[in-house]
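The numbers in UniProt numbering rise by one with no breaks, and the one at position 328 of the sequence shown is 328.
By construction, the Cβ of each residue, glycine as well, lies at the ideal position given by its N, Cα and C atoms.
These figures come from a predicted structure and were not determined experimentally.
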Amino acid sequence: MQQTAENFVDRFAPTSLMDALHDEVVITDARGTIVATNRAWRAFCADNGGNQQDFYVGTNYFEICRAASGTSSAGAGTIADAFERVLETGQTFRHEYPCDSPEVKRWFEMTASRLSEAGSAYLLVQHRDITARYVQADDVEQAFINSSALAALVASTSDAILSYDLEGRITTWNRAAQRLYGYSAEEVVGQSLEMLYPPNWPHPIAYYRDEIIAGRLSNFEATRVAKDGTEHEVWISCAPIRGASGEIVAISNIHRDVTEIRKAEKARELIAREVIHRAKNMLTIVSAIQRQTARSERDFDGFNRKFEERIHSLARSTDLLVAGEWTTVPLGELVLRHLEPFAERNDSRIEVTGPPIDLQPQSVQTIGMAIHELGTNSAKYGALTLPEGKIRVSWALEEGQDGRALQVRWHEQTEIKPDPQPERRRGFGSSVLTMLAPSMLDTASDYDIGPGQVRWSITVPGQHFVPRRDPG
């Protein structure tokens, strides 16, 4: 057979010609026995280890294919059948297949053709390494997948994504950017990104471009203006975009609208400040109650009793504020609540009248404390000690130099009973009505005790109340 193979090679496929081919080439007879190989085939067999003699002249290539095993050899048995069909029909067979080495993945293209010589059929099998083409195809496919995924992400994300060139001109603009700013892509592409800047914005587009390119800026917060003039607080993530040569050609931006988040943060900060302010006010009032009660009471039991009564009065105002979510309290309800400890709501001796007014928290505590002191004095010394006594609490809106104000009045008509300790009439209650209440509202008050009557009035500035329509 060796002689036959040599004769065949000499006559039909000169060794020098086969060795010049870059592809791996093997020639078999009609039974699959290898009769000739070229240098590339022998080098490939040597490079891939195993029993090299299995692929040399004299071995049966068909049997080797049918016996092949392993992941990259799947289907090799059917290749031998295809070879036999080529020998039988003369139709060329072409096939691409993986043939991995221990280190790398590889792909080959196999072409099998029939040769005829002196009435005998031979099989010419040519193997070509096409790994580079497969890798390139995979790279292209992966690039397409990545590009499609990125395009889908940019199109569907809720964040505004845009880019601009090194001159600051907008080059890309996604749907979320259109929703956020109100401009279509046709309106903004080619325009300067500064069209979104509010007037007198401190930094030009060139500042951001240079900082981003230098690597000193990757995210920041800024105010940007929509087409309808609405200002948005946006958190901007930014990065340079490089071209195929590696040079920076543009800047990418992701704008996330944080307007509502910032508003909520400011609201929480304002509420926290207000809580602290109210707590300080409350402590100031409690401290004043403690000091004035201590001055007017001669013994510890008397101090405890008075101090507790006044703290309860303060709590009634606070309860009303809490019920109103610490916004406002109707003035009429405040007056009636503070007179409850001294008389029934339908007591004919008490008249409460005035337009619907809602008091702000500061005035709720102030007016409430004053009404409590006036009610306490009346129950001990004045109208509420007598069936014929009369109390009229009224208020009215008035125009003053500083705008609209609320005039609140207490008018008590009675035959004043003699006070066994007259100095107490000018104690804490008097301090509340003449000093503490007006100082808390930065205003003026008037307090007068005369024959058969008690008068007190205070002017509440406009910032401490809200006129409203009567729901009835």
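The DSSP-derived three-state label of Thr443 is coil. Residue range 361-381 is occupied by the alpha helix (DSSP H) that includes Glu373, with no beta strand (DSSP E) assigned at that position.
With a 10 Å radius around the Cβ and a threshold of 16 neighbouring Cβ atoms, Gly382 comes out buried. Contact between Glu221 and Thr259 does not hold, since the beta-carbon distance rounds to 11 Å and is not under 8 Å.
Per DSSP, the unbroken alpha helix (DSSP H) holding Asp19 starts and ends at 15-20. Looking from the CA of Pro387, the closest CA among Ile350, Gln360, Gln365 belongs to Ile350. In the structure shown, the three-state DSSP call for Ala343 is coil. Restricting attention to Leu384, Leu406, Thr366, Pro461, the CA atom closest to the CA of Gly429 is found in Thr366. Note that the C-beta distance between Ile212 and Leu193 is not below 8 Å. Cβ-Cβ distances below 7 Å link Ala294 to Phe303 in the same chain, with the five nearest sequence neighbours on each side left out; the list follows chain order. A distance below 7 Å between beta-carbons, with the five flanking residues on each side excluded, links Thr111 to the following residues of its chain, in chain order: Thr92, Arg94, Gln126. Closest option to Ala160, judged by alpha-carbon separation, among Ala121, Pro199, Ala226, Glu167: Ala226. In the same chain as Ile449, and ignoring 5 residues on each side of it, no C-beta atom comes closer than 6 Å to its own. Contact annotation: Val460 and Ala396 have beta-carbon atoms that are not nearer than 8 Å. Inter-residue distance for Gly90 and Ser113 is about 7 Å (C-alpha atoms, whole angstroms). For Phe108 against Ala80, the beta-carbon gap comes to about 16 Å, at or over 8 Å, which does not count as contact.
Classified as buried, Phe83 has 16 or more neighbouring CB atoms from the shown chains inside 10 Å of its CB.
Taking the Cα positions, Ala121 is about 7 Å away from Leu87.
For Gly302, the secondary structure class from DSSP, reduced to helix, strand or coil, is helix.
Spanning the alpha carbons of Glu344 and Leu359 requires a straight line of approximately 23 Å. Straight across, the Cα-Cα distance linking Gly375 with Leu339 is about 6 Å. Of the other Cβ atoms in all chains shown, fewer than 16 fall within 10 Å of the Cβ of Gly58; this residue is therefore exposed. Around the beta carbon of Gly368, a 10 Å sphere encloses 16 or more other beta carbons of the protein chains shown; the residue is thus reported as buried. For Gln453, the uninterrupted beta strand (DSSP E) run begins and ends at 453-461, by DSSP. In the three-state reduction of the DSSP assignment, Gly400 falls in the strand class, which pools E and B.
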